[in-house]
Amino acid sequence: MANMSVGIIGMGDMGKMYARRISEAGWLINACDTPDKFEELKEEFKANENIRILPNGHLVSRSSDYIIYSVEAENIDRVVAEYGPSTKLNAIVGGQTSCKAPEIAALEKHLPPDVHIVSCHSLHGPGVNPKGQPLVLIKHRASQESFDRVERILSCLQSKHVYLTANEHDRITADTQAVTHAAFLSMGGAWAANRQFPWEIARYIGGIENIKINVMMRIYSNKWHVYAGLAIMNPSAKEQIRQYATSVTELFKLMLAGNRDEFTRRIKYAGERVFKGSENQDLLLRDDVLDRFSLGELPPERVKNNHLSLLAMVDCWSQLGIVPYHHMICSTPLFRLWLGITEYLFKKPDLLEEVIDTAINDNTFRSDDLEFTFAARDWSERVSLGNFDGYRKKFEEIQQYFAPRFPEATALGNEMIETILEKTVGS
Ligand SMILES: NC(=O)C1=CN([C@@H]2O[C@H](COP(=O)(O)OP(=O)(O)OC[C@H]3O[C@@H](n4cnc5c(N)ncnc54)[C@H](OP(=O)(O)O)[C@@H]3O)[C@@H](O)[C@H]2O)C=CC1
Ligand SMILES: O=C(O)C(=O)Cc1ccc(O)cc1
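Residue numbers (the working numbering): 61 to 487.
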């Protein structure tokens, strides 16, 4: 055990984070990315004697006792097909992709039968401290001894271990990741379609709005393939994202029709189903932290919003019979912020009344809500069709629109996440 070496195939953001942390704990790392990056990676890691950069995945596979594939979900089958047959006899292999059905299928299909399969998934981005964040471990085809070895190696991340099957993982992360991202992707899509920068508009500054903007900017400043992969390849995500788009559409139609009774009944019913049992728990987020992280100047008086995106999320959970608190075991920082702002709205009866009133009576939001509805449906459609190119094109167009403010938004977003998560980690 003491001499076990760890292989990492795919030295992108997550692969490098794993390599650095695992090597610091004293394990020997054999790592590679695509052959064209061999020299560059060798240069980058030359000072770290516990990290050996190799030219390709065959050499990593042959020489490592535990191998982690940290490549794009879309490429997992092709990459395991290529290097899997070179795996060292009796080694342990797993992946770090965000969606387990295609990963497990690839590992089962291409690895020799003597190889043990243990997969993992860190539920946070490469820039977040893994301490206390959920780390899913999947003992798919492995002896207890092999599983214990993986657990010991990864214990250096100091994450909170969560034991699930691949199916359970995908069902829960479809909600905590794919639907959460769909909501923020749609906000960005709507603002870009209306040629708005929300931090320049009083309605979108302060409180809940700060979280919406900062998380939206965080997602669009990242790589499209992470979001495309975990939505398009997760078998549970299509249905859940479709329900979100349907909830948005149906609530928007009730608003347009001015149907206050039905709108109110539906919102309250959804709120009861989703938040029943959590009434006496502390709120995940507090006012003072909500107001602190703004990309724009706070207006003298708070401007009302109907928060269609949040109302639709609660309606979606209710329609799917999901209690989001049960999903905290696979919560990412973004999901905790998302759940935090929805419960903030639903657990403040005066605010909820104001929001319902605004939704029915205030016409100044109609064009924003129309674009938001289009965006939610369009993202859902692209995911349902399994359209990676279409996903990429839309993502990158919107990304370009917001790019000039990314450096500032990333700094503010990091600070916001750190401050707010101090309170929500482990809850
Ligand atoms: N980013 C995040 O927040 C998180 C991501 N994940 C998951 O982790 C995985 C990696 O994500 P991330 O690090 O962000 O993505 P990156 O794009 O930064 O890293 C993936 C790397 O794998 C490389 N790669 C592709 N094919 C091969 C190959 N045949 N041999 C060796 N390397 C190869 C890619 O090269 P090239 O670019 O040339 O294709 C790239 O450098 C994904 O599946 C993602 O879903 C999990 C948790 C968090
Ligand atoms: O927190 C989020 O949802 C992120 O956007 C970062 C992220 C992306 C992919 C993962 O598999 C896990 C975390």
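Even for Gly, the Cβ is constructed at its ideal location relative to N, Cα and C.
By the beta-carbon neighbour count (other beta carbons within 10 angstroms, threshold 16), S427 is exposed. Within the same chain, A262, I265 and G266 come within 8 Å of P359 by CB-CB distance, once the 5 residues on both sides are set aside. Judged by their CB atoms, S146 and S121 are nearer to each other than the 8 Å cut-off. Around the beta carbon of S203, a 10 Å sphere encloses fewer than 16 other beta carbons of the protein chains shown; the residue is thus reported as exposed. Q237 is classed as buried because its beta carbon has at least 16 other beta carbons within 10 Å across all chains shown. Distance from the CA of K148 to the CA of V66, rounded to the nearest whole angstrom, comes to 12 Å. With a contact defined as Cβ atoms closer than 8 Å, T418 and N366 qualify at about 4 Å. Taking the Cβ of S215 as the reference point, every heavy atom of ligand 1 lies at 7 Å or farther away. For the set C216, A226, Y280 and N227, the Cα lying nearest the Cα of S246 is the one of Y280. For K272 and P173, the gap between their C-alpha atoms comes out near 47 Å. Residue pairing of A91 in beta bridges, as defined by DSSP: I68 and I113. The alpha-carbon of V415 is positioned some 7 Å away from that of K364. A distance below 8 Å separates the beta carbons of S219 and P190. Here H387 carries a helix assignment [DSSP, helix/strand/coil]. Counting only residues of its own chain and dropping the five nearest sequence neighbours on each side, Q256 has no CB closer than 6 Å to any other CB.
Contact between the region 324-335 and the region 376-390 is present, with at least three C-beta pairs closer than 8 Å.
In the three-state scheme derived from DSSP, where H, G and I count as helix and E and B as strand, C180 is classed as strand.
Taking the Cα positions, I327 is about 20 Å away from F244. Here the alpha carbon of H170 sits roughly 9 Å from the alpha carbon of Y143. With a contact defined as Cβ atoms closer than 8 Å, V140 and A161 miss out at about 14 Å.
In this structure, P393 has its CB closer than 7 Å to one or more heavy atoms of ligand 2. With respect to V222, V196 sits close: the two C-beta atoms are nearer than 8 Å. For D125, the closest alpha carbon among the candidates R231, L224 and W87 is that of W87. CA-to-CA, the gap between R81 and N108 works out to about 11 Å. Looking at the backbone, the Cα of L290 and that of D137 are separated by about 15 Å. In this structure, ligand 2 has no non-hydrogen atom nearer than 7 Å to the beta-carbon of T402. Excluding five sequence positions before and after T392, the CB atoms of its chain that fall closer than 7 Å to its own CB belong to L183, H184, T236 and Q237, given in chain order.
Ranked by Cα distance from E468, the first of F353, A151 and S130 is F353.
When the beta-carbon positions are compared, R231 and S130 stay at least 8 Å from each other. Going by beta carbons, F98 and I113 fall inside the 8 Å limit. Ligand 2 approaches V286 closely enough that one of its heavy atoms is under 7 Å from the residue's Cβ.
One thing to note: R442 has its Cβ within 8 Å of the Cβ of K454. G154 is classed as buried because its beta carbon has at least 16 other beta carbons within 10 Å across all chains shown. With contacts defined by Cβ atoms closer than 8 Å, R452 and T309 do not form a contacting pair. Every unbroken stretch of the alpha helix (DSSP H) spanning 4 or more residues and falling wholly within the region 421-457 is given here in chain order: 426-444. Residues A133, C159 and P162 of the same chain have their beta carbon placed closer than 6 Å to that of M293, with the five preceding and five following residues left out of the count.
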